[in-house]
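Protein chains in written order, with the working numbering: chain U, 1 to 335; chain V, 336 to 639. A short write-up of the structure that comes next.
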């Protein structure tokens with residue numbers, strides 16, 4: 001039985017655009033524009049999309065690093081208690097900060113250069129009630145060993161480590177309060193391919209040991225294929241397709257996902273794949289196109305796409321739930 | 336197979352590493368880079384000498400800087416009086432030593448205190464942003480746009496001359512620059528991911544901005560402290576020369592120079608103003624060398 005850990009309902013993050021002498025608000029960047037998403041306990045949910053589609057902003061909005069403009073983020077504890085996070089006072093957020101953590105993209109800016117690893121990791125532990133220094137050293141030491149690093153490394157400075165090592169320290173930081181959900185914000189994108197594999201393997205191993213749930217934000221669909229149980233594809237601040245990862249690759253419904261998948265390199269010389277090359281850039285999120293936001297670049301667009309905004313509808317492929325928002329899907333909708 | 340000399344060297348290094356006798360850390364890169372800068376080291380040496388001489392002034396000179404001795408007025412430099420004596424027979428060398436105490440105290444003290452104020456405001460406002468930042472920015476602009484000399488005149492005419500007033504004015508007009516420097520650094524630092532990570536733990540604003548971010552913003556501020564020390568010493572000398580600075584009975588470098596207002600002294604008694612002028616110039620030059628050295632050594636984009 002699958003149980004939700006997070007329920008997002010209509011989450012919106014709008015950034016005001018100011019111009020002129022008096023900083024008048026002339027418009028809004030619709031970074032995240034109404035996202036409904038359930039994340040289940042123990043799953044790896046991939047969140048894919050190209051640059052600027054709002055996936056990082058969504059990840060940060062869950063942790064309230066960016067305040068959502070509208071919508072609900074509900075956390076469901078193991079005893080089925082629901083808490084709405086976005087309306088909480090800063091102080092009341094603390095117990096949930098422990099449960100939700102984040103691993104960042106850039107290993108070079110994610111560690112404080114003027115503190116040792118222990119120095120920058122001990123304050124959160126102190127805040128959440130681990131008073132003795134010995135205990136804090138033990139927790140961090142154990143976690144460093146869990147990510148295949150030496151215990152002594154905690155007394156070194158960040159500049160003494162390589163990118164992959166730093167990223168593993170970033171994972172240690174996310175793990176140190178025993179969270180339930182970790183947002184991996186492009187956690188491996190800045191690393192070499194060989195190191196990527198190493199870190200991904202580590203993440204999967206930790207997930208098994210500590211019963212974690214991952215929200216795995218990435219722009220690289222070749223990574224998500226092997227990692228994720230389900231994948232959500234985002235375009236211009238909205239989710240356009242959400243389904244089991246196998247179904248995304250084998251029964252793609254949305255033309256945007258098709259284009260993304262066709263861009264994955266295949267390590268087979270004889271295999272000819274049809275590349276779908278998207279024309280133009282992502283439209284400006286300040287004033288997205290009318291109708292389906294994807295229609296100006298969509299190879300299949302028809303008249304209805306230019307006028308009507310499609311909604312996320314439920315279909316069934318291979319007997320699994322499959323959500324997509326496109327007018328042109330000729331499968332029966334299920335409710 | 337015979338080992339090459341390079342292999343042997345590596346073996347030795349490995350052995351030392353295993354025995355943990357290999358001292359990985361002796362001096363930080365910043366200290367090394369600073370010590371490689373000859374001008375900065377020279378500046379530091381002379382700076383230290385002048386400060387030590389001022390602190391231990393009573394040991395170095397048998398005279399009292401305030402005692403008037405009418406039998407030995409306006410004597411040229413000799414073995415008894417190294418820099419000669421002034422119009423009331425006071426030993427100029429002693430007065431330069433004792434004057435250094437006050438002048439350096441004013442310069443360094445005002446620079447450090449204005450840095451403390453500037454950092455305290457700048458860090459918080461720069462990290463928090465929003466209306467706090469706007470208000471702090473406007474206040475600093477008001478203070479920076481006010482001419483120092485008018486403020487000094489105002490305060491001297493209201494409360495009279497005093498050391499405290501002078502320092503208060505220096506701090507009032509000086510914190511704005513420090514504030515802007517600290518704020519600018521914080522604005523770029525707050526986008527770093529380690530700050531976001533700290534925020535995701537819900538740590539308090541004070542812990543994040545003063546404990547975790549400030550150390551990374553400190554190096555340009557240190558440089559600025561040295562440079563404004565030099566500036567404050569010069570300003571003090573200038574104001575005291577005009578008779579607006581420190582009360583004339585306290586010996587400071589500026590007050591010693593004050594006698595050079597008299598054309599007779601300027602023409603005939605060079606020892607009353609020459610040596611102290613040189614000491615001021617040398618000291619300011621040294622502080623500037625130190626500041627340059629600090630800037631080069633703390634700048635991570637410069638190698639070597």
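Even for Gly, the Cβ is constructed at its ideal location relative to N, Cα and C. In this text the structure is predicted, and so the values were computed from the model without any measurement.
Could you check where the beta strand (DSSP E) with residue i kicks off and where it finishes?
i	result
residue 576(V)	Counting along the chain, residue 576(V) falls outside any beta strand (DSSP E), though it belongs to the alpha helix (DSSP H) covering 549-576.
residue 26(U)	24-40
residue 546(V)	Premise fails: residue 546(V) is in no beta strand (DSSP E) and is neither H nor E.
residue 48(U)	44-48
residue 71(U)	70-76
residue 5(U)	4-19
residue 182(U)	181-185
residue 83(U)	82-84
Residue i touches chain U at which residues, Cβ-Cβ below 7 Å?
i	result
residue 527(V)	109
residue 537(V)	93, 94, 97
Going by DSSP in three states, residue i sits in which element: helix, strand or coil?
i	result
residue 167(U)	helix
residue 315(U)	strand
residue 234(U)	strand
residue 326(U)	coil
residue 348(V)	helix
residue 514(V)	helix
residue 242(U)	strand
residue 371(V)	helix
residue 214(U)	strand
residue 621(V)	helix
residue 223(U)	helix
residue 199(U)	helix
residue 467(V)	helix
residue 321(U)	strand
residue 508(V)	helix
residue 252(U)	coil
residue 103(U)	strand
residue 423(V)	coil
residue 190(U)	coil
residue 357(V)	The pLDDT assigned to residue 357(V) is 49, lower than 50, so where the model puts this residue is not dependable; a value taken from the coordinates is nonetheless given after this. Coil at residue 357(V), not helix or strand.
residue 366(V)	helix
Classify residue i as buried or exposed, calling it buried when 16 or more other Cβ atoms lie within 10 Å of its own Cβ.
i	result
residue 13(U)	buried
residue 468(V)	buried
residue 495(V)	exposed
residue 338(U)	With chain U represented from 1 up to 335, any question about residue 338(U) goes unanswered, as that position is not in the structure.
residue 255(U)	buried
residue 11(U)	buried
residue 357(V)	Residue confidence for residue 357(V) is low, a pLDDT of 49 falling below 50, so the modelled location carries little weight; the figure read from the coordinates is stated next. With fewer than 16 Cβ atoms within 10 Å of its Cβ, residue 357(V) is classed as exposed.
residue 303(U)	exposed
residue 226(U)	exposed
residue 629(V)	buried
residue 280(U)	exposed
residue 159(U)	exposed
Under 7 Å from any heavy atom of the ligand COA, does the C-beta of residue i make it?
i	result
residue 127(U)	This structure does not include the ligand COA; it has no bound ligands of any sort.
So with CB distances below 9 Å, who are the chain V contacts of residue i?
i	result
residue 155(U)	None at all; the shortest Cβ gap to chain V is about 11 Å.
residue 104(U)	528, 529, 531, 532
residue 120(U)	529, 532, 533, 547
If you follow the alpha helix (DSSP H) that residue i is in, where does it begin and where does it stop?
i	result
residue 494(V)	483-494
residue 307(U)	303-307
residue 94(U)	94-99
residue 602(V)	598-603
residue 124(U)	117-127
residue 455(V)	427-463
residue 142(U)	133-146
residue 60(U)	55-62
Please list, in chain order, the chain V residues whose beta carbon lies closer than 7 Å to that of residue i.
i	result
residue 123(U)	538, 542
residue 18(U)	Correct list: empty, because the minimum Cβ distance to chain V is about 13 Å.
residue 101(U)	535
residue 127(U)	536, 538
residue 257(U)	Those do not exist, as residue 257(U) stays about 29 Å from chain V at its closest Cβ, beyond 7 Å.
residue 113(U)	551
Which chain V residues are close to residue i, counting only those with a beta carbon under 8 Å from its beta carbon?
i	result
residue 63(U)	535
residue 293(U)	By Cβ distance, chain V contributes nothing, its closest Cβ being about 28 Å from residue 293(U), past 8 Å.
Taking Cβ-Cβ distances below 7 Å as the criterion, which residues of the region 541-564 of chain V are in contact with chain U? 542, 547, 550, 551
Anything in the region 154-183 of chain U with a Cβ closer than 7 Å to a Cβ of chain V? List those residues in chain order, please. 173
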